[in-house]
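Protein chains in written order, with my numbering: chain A, -11 to 293; chain B, 13 to 270. Each residue gets a CB set at the ideal place from its N, CA and C atoms; glycine is no exception. Keep in mind the model is a prediction, meaning the values are calculated, not measured.
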Amino acid sequence: MGREPLIAARSLTKRYGGLTAVNEVDFEVYPAEFLGFVGPNGAGKTTLMKMIYGLVEPSEGALHVFGEEVREGARAIKARLGVVAQDDNLDPDLTVWDNLMIYARYFGIDGAGVAPRARELLDFMELTARRDKEVNTLSGGMRRRLAIVRALLNQPELVILDEPTTGLDPQVRHLIWDRLLSLKERGITFLITTHYMEEAESLCDRLHIMDEGRVIVSGTPRELISRHVGEYALELLAAPTMEQEIARRWPELERQRSGQRLYLYAEDRETLLPLVEELTGRETRLRPASVEDVFLKLTGREIRE
Amino acid sequence: MNRGLRAVSHRFTSVWYRDTYVYAKRWKTNLLPPLLEPFIYLFGLGVGVGHFIDQIEGVDYLTYVAPGIVATTAILRATFECTYGSYFRMAFQGTFDSIISTPVNVEELSLGEIMWGATRSLINVITVVALLFAIGVVPIAWILPVLALQFLAGINFGAMSLFVTSRVRQAEYFNFFLSGLIFPAQFLTGAFFPLDRLPEVVQPLIWVIPLTSIIDLTRGMMLDRLGMHSLLELAYVLVTTVVFLEIALRGMRRRLIG
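Written out as C-alpha cells, the structure reads:
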C-alpha cells in the first residue's frame, strides 16, 4: 500500500503509574481498509483507541492521525472521525432523533442540513420506526445501531468501533457486520477492536493481536492462521496419557491443551485423517483452523480478568 | 497548546444548548419545585419572622431579606446544577465522554455546563424578582442590573462547583462542599441579618466568600444604596469568577483526559 496512512503510530506507549497499558505499539491504518485489534480483556485495546480520539494522552512515542499530531490537531482530527465507544454513551435525556440532532451540533453541523442524512442513516440501520422513542426504551442492539448512526453523521473518513457487537444477539451482529461492510465499499476506513474472533475474521483485512499492552503478531487472518497454527485443526477429549501417545506417534503435529480438550494442528486435512480413523468411536472434530486458534495459542488459554 | 479559558471557542454554546434543551423538555417538573423554595423563604422570613421585627437598617424585614433571597436563589441553583447535575452526566451517563469525542474540547464542555448552571439560576431568579416587583420591593430601573448580577453570581458559583466536581470520587463527597461551605454561607453572608452580628474575628473572613459581596451589591441595587465600596465588591466578584473558571476548566481536563 503506497498511500499515506490515515493513522501512524510509532512506539506508542501509555503508562498509568507503574502499569503500562500500551507498550511501544507500532501500526498504520490505510485508506479504505478494515483493521482490527484483537486481544484478551486488559490487553490495552481500548486505551489505544482512546489515544486516537483524544480521551487519553500518550505517555511516549508518536501518534499521527490524518497527518496531524494527536494533541496538537485534536479538534481537526475529531471533526473527521466517527467514534463508537465501548460503553455506548448515547444521551439518555433525549429521544433517538434528538440524540442525532444534538450530537450534530457538537460538530457545528446545522440541524436542517443534517436532517436528510440522519433520516437516511436511521433507515440504513433499520431504526426509522424508533425515531421518536426515548433512548432508554431501546434494546441493546438498537442502542448500538444508533451509536453507529451517530458516529456517521459527520461523514467521517475513519470510524473507530470499540467492541461494537459485544453482548448482542446473532441477528443484530450479522446486521451490523453487513452494514459495516457496505460502508467499507463506499470508501470508509474502519478501525475495530473485538474479542470475537469470528467477527475479526469476517470483517478485517488485517489484524493485530495484542496482549499485555503489546502487539504480538500482525497480518491478514489467513496469514496468521497458516503462519501460527496451520490450516486444519482436530479437537478431541484426551487424557494426558493419550496426549503422550499421540505426541510419540505424530511428533510433527502442533499440540495445544485446554483442560480436558486437546487441539492438534496441521497444514492439510490429509495429515490429520489417519488420526481421526485411529480415534474412531471417540468424540473428535476436524475443522479448518481459525483466528481463534491463533489467538488462544499466542495469548494462552488461562482466563484473564 | 492552550489550556483553561484560552482554549475556549464558541463551541461551548452547543453544550449549553444541549442542557437547556433537556431542561425545556421537562420544564414543568424542572421549574416548579425549585421555585417553591425562595417563595417559602420570602413568606416565612419576610412575612412570618418580619412580623416580629420593626425595622432593620431602616427598612422593614421583607425588604431587607428580599435581596438576600434573590442572591441565594441564584447561587444555590447553579451550585446544584454544577455539582450533582454535572456529576451525574459525567459519571453515570457518559455524556461528557461522548461530547469530548467530538470537536468540542473539555474546556468548552466545562464552560457550557457552567453557563447552563448560571442560566438555570437566572430562570429562577427572574420569577422571584417578578414577584418582588409585583409587591413593590424591586425598583423597575434596577431589575436588569439585578438580573445581570445574579447571572454573574451563577457563573461564579457554577465554576466553583464544577471545580469541586472535577475533584470528587463519589457524589457523597459533595456533602462536604454543600454542608461545609454552601449552606453555612447562605446564612452567614448577610442575606438574613447584618454582618455586624457576627463575631468580630469572623467579619473580615466572611468577605472572602464572594456571596457576601453579591448580597451586598444586590441589596445596594434594590435599596438604592450603592457606593464606592460597591465597585470594590463587583471587582472582587469578577476576579474570583475568572479564577474559578480557570481552575474549573483545568480541573475538568485533568479529570477527563487520561
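Practice prompt. Quick one: using the 10 Å Cβ neighbour count with 16 as the cut-off for buried, is A:P158 buried or exposed?
Written response: exposed
Worksheet item: For A:M198, which residues does DSSP report across the bridge?
Response: A:V203
Discussion item. The alpha helix (DSSP H) that contains B:F145, what's its start and end?
Written reply: V118 to A146
Discussion item. What would DSSP say about A:N11, mapped onto helix, strand or coil?
Written reply: strand
Worksheet item: Going by C-alpha distance, which of B:L121, B:L207 and B:T84 is nearest B:I194?
Response: B:T84
Fill in: Selection of the region 36 to 48 of chain A by Cβ proximity to chain B, strictly under 8 Å
K38, Y41, G42, L43, V44 and E45
Worksheet item: Roughly how many angstroms lie between the CA atoms of A:L(-6) and A:G42, to the nearest whole one?
Response: 15 Å
Fill in: At least three beta-carbon pairs within less than 8 Å, the region 14 to 29 of chain A to the region 179 to 197 of chain A
yes
Discussion item. Is B:D109 close to chain A? Criterion is C-beta to C-beta, closer than 8 Å.
Written reply: yes
Discussion item. Can you give me the C-alpha to C-alpha distance between B:L190 and A:W85, rounded to a whole angstrom?
Written reply: 37 Å
Worksheet entry | Contact set between the region 83 to 112 of chain A and chain E, restricted to residues whose Cβ is under 8 Å from the partner | Checking the listed chains, one finds no chain E in this structure; the protein chains it contains are A and B.
Item to complete: Kindly give me the distance between the Cβ atoms of B:I152 and B:F145, rounded to whole angstroms, as I take these residues to be in contact under 8 Å.
Response: 7 Å
Worksheet item: For a contact meaning CB atoms closer than 8 Å, what does B:M264 contact in chain A?
Response: Chain A residues near B:M264: none, gap ~13 Å exceeds 8 Å.
Worksheet item: Could you check where the beta strand (DSSP E) with A:Q244 kicks off and where it finishes?
Response: E242 to S246
Worksheet item: For A:A31, which residues from the same chain have a beta carbon less than 6 Å from its beta carbon, with the 5 sequence-adjacent residues on both sides left out?
Response: M198 and D199
Worksheet entry | B:G60 to B:L257 span [Cα, whole Å] | 39 Å
Worksheet item: Quick one: what's got a C-beta closer than 7 Å to B:G270's C-beta in the same chain, skipping five residues either side?
Response: none
Practice prompt. Return no unless some Cβ of chain A is closer than 8 Å to the Cβ of B:R18.
Written response: no
Item to complete: Using alpha carbons as the reference points, say which of A:L36, A:S47 and A:D79 lies closest to A:G5.
Response: A:S47
Discussion item. Under 8 Å: do the region 219 to 226 of chain A and the region 259 to 276 of chain A share three or more Cβ pairs, one atom per stretch?
Written reply: yes
Fill in: Presumed contact (8 Å Cβ cut-off) between B:L229 and B:I218, rounded CB distance
With 8 Å as the limit, B:L229 and B:I218 do not qualify as a contact, their Cβ atoms being about 15 Å apart.
Practice prompt. Consider the Cβ of A:K33: report whether some Cβ of chain B lies at a distance smaller than 8 Å.
Written response: no
Item to complete: Please go through the same chain and pick out, in chain order, the residues whose beta-carbon is closer than 7 Å to the beta-carbon of A:R59, but skip the five residues on each side of it.
Response: E45
Discussion item. Run through the DSSP bridge pairs and tell me what A:G24 is partnered with.
Written reply: A:I180 and A:L195
Practice prompt. Report the residue from A:R131, A:P80 and A:Q74 whose alpha carbon sits nearest the alpha carbon of B:R30.
Written response: A:P80
Worksheet item: Helix or strand or just coil, what does DSSP make of B:V82?
Response: helix
Discussion item. For a quick check, are the C-beta atoms of B:P115 and B:R18 less than 8 Å apart?
Written reply: no
Discussion item. Is the separation between the beta-carbon of B:G80 and that of B:F169 shorter than 8 Å?
Written reply: no
Discussion item. Between A:E60 and chain B, is any beta-carbon pair separated by less than 8 Å?
Written reply: yes
Practice prompt. Check each residue of the region 63 to 80 of chain A: if its Cβ is closer than 7 Å to any Cβ of chain B, include it; give the result in chain order.
Written response: R63, K66, A67, V71, A73, D75, N77, D79 and P80
Practice prompt. Report yes or no: is there a C-beta of chain A within less than 8 Å of the C-beta of B:R23?
Written response: yes
Worksheet entry | Span of the beta strand (DSSP E) around A:D150 | L146 to D150
Discussion item. Quick check: the Cα distance between B:E69 and B:D236, rounded to an integer number of angstroms?
Written reply: 13 Å
Worksheet entry | Closer than 8 Å to chain A by CB, B:I68 | no
Discussion item. Please give me, in chain order, every unbroken run of the alpha helix (DSSP H) with length at least 4 that falls completely inside the region 38 to 103 of chain A.
Written reply: 62 to 67 and 84 to 94
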